[in-house]
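Worksheet: the structure to be examined is printed underneath.
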Amino acid sequence: MIKGVITSEQLKQEFNEVKQSIKLKGKDFDNSCVVFVYNSLDNNEIDEVHRSECVYDDEIALISDALHSVRGLKVILIDGEDQFIAQAPKLKNRYDNVYVYSMAQNLFGVGRRCFVPLVCEYYGFVNISSNSRSSFLGGDKKLMHQLLENEVSLPHRLFMPENDMNLANGFRRTVDAVLLKPNSESASIGIEKITKDVDDEDAKQIISKSLEEYKSVFLEEFIQGDEVECTVLPWYDQLYVSTPVKIVKQGEYLDYTTVAYDQYDFEIYTGKTSKMVMEQALRAYSILGFESIARFDFMVSGDKTYLFDITPNPTISRCSSANTALKQVSNDDRTIYQILLFQKLLVPTLH
Numbered sequence: 017m018i019k020g021v022i023t024s025e026q027l028k029q030e031f032n033e034v035k036q037s038i039k040l041k042g043k044d045f046d047n048s049c050v051v052f053v054y055n056s057l058d059n060n061e062i063d064e065v066h067r068s069e070c071v072y073d074d075e076i077a078l079i080s081d082a083l084h085s086v087r088g089l090k091v092i093l094i095d096g097e098d099q100f101i102a103q104a105p106k107l108k109n110r111y112d113n114v115y116v117y118s119m120a121q122n123l124f125g126v127g128r129r130c131f132v133p134l135v136c137e138y139y140g141f142v143n144i145s146s147n148s149r150s151s152f153l154g155g156d157k158k159l160m161h162q163l164l165e166n167e168v169s170l171p172h173r174l175f176m177p178e179n180d181m182n183l184a185n186g187f188r189r190t191v192d193a194v195l196l197k198p199n200s201e202s203a204s205i206g207i208e209k210i211t212k213d214v215d216d217e218d219a220k221q222i223i224s225k226s227l228e229e230y231k232s233v234f235l236e237e238f239i240q241g242d243e244v245e246c247t248v249l250p251w252y253d254q255l256y257v258s259t260p261v262k263i264v265k266q267g268e269y270l271d272y273t274t275v276a277y278d279q280y281d282f283e284i285y286t287g288k289t290s291k292m293v294m295e296q297a298l299r300a301y302s303i304l305g306f307e308s309i310a311r312f313d314f315m316v317s318g319d320k321t322y323l324f325d326i327t328p329n330p331t332i333s334r335c336s337s338a339n340t341a342l343k344q345v346s347n348d349d350r351t352i353y354q355i356l357l358f359q360k361l362l363v364p365t366l367h
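All residue numbers for the sequence shown refer to the numbering used here, where the first residue is 17 and numbers rise by one.
Shown next as structure tokens:
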């Protein structure tokens, strides 16, 4: 049961205490392993668009180094979901405890991140990233919108039940511009801006093409302002809500090209709505029943915040808002991975 929210200073102190304790208890982990599952660029089955979501060699090295920080705990790297399911029975027989961190998502639809968590639940492995329920929610923006629409401030949206252009055009006339988004993608894949001056026939062609490719799409009112991200992660029986981080970019929104080529940066967000962003992120985290790390993306316009995207188990490597936020705890890119692992290694909890 979550008892409260922990500050950066408290997390820093307790993290260092646990880190020291684990160093002294290395022999306790001789019969345990931690598995990192990912999709690499070497996998030829991954289509070109989704290659931007693959894990690069320097990222693999960083995560491996972070997980190697526990003496006696064997680290195993597995490239792809198919290799993980093949090795799972051997891991179950060989080790008393199997801890799993996964960034693998080479599937389609709302369940694209669910496979590894489901395997963990089947074999009784300790998943240090998002469970299957949270992963499913993360792949279904429509469902998350329905769960949160009366609880936090969201952009106006129209989820397309079918190729109904009357609905689409009616929605477009209520706002200056819309963003067309797939329901179950990430990394800005498939996002396209449609302004009010685009005629109905051209809009129909754009939306129809997106529906054909992604099957489920929605229109979201385009809100101009600061794009701000807030990370929430558990620390034993408490939660840490990070200081929000602003996305520094050239364009009006993060499109696929900007994300794929890392053409953006981060800075700590000190705006007057910073506290409101943190409160809304924490509220959404609690309502959705998340149990591991999650990132909440907001548009901030004036004194209003709009939660427009949620990512359970987000990218937390060096080039991420989550890692930037954790610099307040430790100026070490490995820390955020170690926090996820350490809170699962020691039972009972600190408190």
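For glycine and all other residues, C-beta sits at the position ideal for the given N, C-alpha and C.
In angstroms, rounded to a whole number, what distance separates the CA positions of residue 291 and residue 285? 10 angstroms
If contacts are defined as beta-carbon pairs under 8 angstroms, then residue 219 and residue 182 qualify, I think. What distance do you get, rounded to the angstrom? Rounded, the Cβ-Cβ distance is 12 angstroms, inconsistent with contact.
Run of the beta strand (DSSP E) containing residue 152, from where it starts to where it stops: Careful: residue 152 lies outside any beta strand (DSSP E), inside the alpha helix (DSSP H) at 148–154.
Which of the three DSSP states, helix, strand or coil, is assigned to residue 361? helix
Straight-line Cα distance separating residue 349 from residue 275: 20 angstroms
Buried or exposed for residue 126, please, with buried defined as at least 16 other CB atoms from any protein chain shown within 10 angstroms of its CB. Around the beta carbon of residue 126, a 10 Å sphere encloses 16 or more other beta carbons of the protein chains shown; the residue is thus reported as buried.
Which term fits residue 243, buried or exposed, when burial requires 16 or more other beta carbons within 10 angstroms of its beta carbon? buried
Among 213, 165 and 128, whose alpha-carbon lies nearest the alpha-carbon of residue 299? For the residues 213, 165 and 128, the minimum Cα distance to residue 299 belongs to 165.
Sub-7 angstroms separation of residue 10 and residue 27 beta-carbons: The structure shown does not extend to residue 10, since the chain is modelled only from 17 to 367, so the question has no answer here.
Where do the N-terminal and C-terminal ends of the alpha helix (DSSP H) with residue 229 fall, by residue? 216–230
In three-state terms, what does DSSP make of residue 157? helix
Three or more beta-carbon pairs under 8 angstroms between the stretch 302–313 and the stretch 31–51, yes or no? no
Distance between residue 178 and residue 74 (C-alpha atoms, nearest Å): Going by the C-alpha atoms only, they are around 42 angstroms apart.
Extent of the continuous beta strand (DSSP E) to which residue 254 belongs: 254–257
Could you give the distance in angstroms between the alpha-carbon of residue 172 and the alpha-carbon of residue 107? So the two alpha carbons sit approximately 46 angstroms from each other.
For residue 110, which residues of its own chain have a beta-carbon under 7 angstroms away from its beta-carbon, when the five flanking residues on both sides are left out? none
What's the gap between the Cα of residue 360 and the Cα of residue 117? 11 angstroms
Quick check on the burial criterion: 16 or more other C-beta atoms within 10 angstroms. Buried or exposed for residue 330? buried
If you measure from the CB of residue 177, is any heavy atom of the ligand FAD nearer than 6 angstroms? For the ligand FAD, the structure offers nothing, since it holds no ligand at all.
Just the C-alpha distance for residue 66 and residue 120, rounded to the nearest angstrom, thanks. 11 angstroms
Beta-bridge pairing of residue 284 - partner residues as DSSP gives them: 261
Taking the straight line between their C-alpha atoms, what separation do you get for residue 34 and residue 22? 15 angstroms
For residue 208: DSSP bridge partner residues: 196
Quick check: what's the CA-CA separation for residue 320 versus residue 294? So the two alpha carbons sit approximately 13 angstroms from each other.
For the stretch 83–90 against the stretch 332–342, are there 3 or more C-beta pairs whose distance is under 8 angstroms? No: the two stretches stay apart, fewer than three of their Cβ pairs being nearer than 8 angstroms.
Taking DSSP's pairing of strands, which residues face residue 35 in a bridge? DSSP, once it has assigned bridges, lists no residue as partnering residue 35.
Hey, how far is the Cα of residue 70 from the Cα of residue 25? 34 angstroms
Suppose contacts are defined by Cβ-Cβ distances below 7 angstroms. Is residue 227 in contact with residue 208 by that definition? No, Cβ-Cβ distance for residue 227 and residue 208 is not below 7 angstroms.
Are residue 95 and residue 56 close, meaning C-beta to C-beta below 7 angstroms? In this structure, the beta-carbon distance from residue 95 to residue 56 falls below 7 angstroms.
Does the distance from the CB of residue 160 to the CB of residue 326 come in under 7 angstroms? yes
In the structure shown, what three-state DSSP assignment does residue 349 receive? coil
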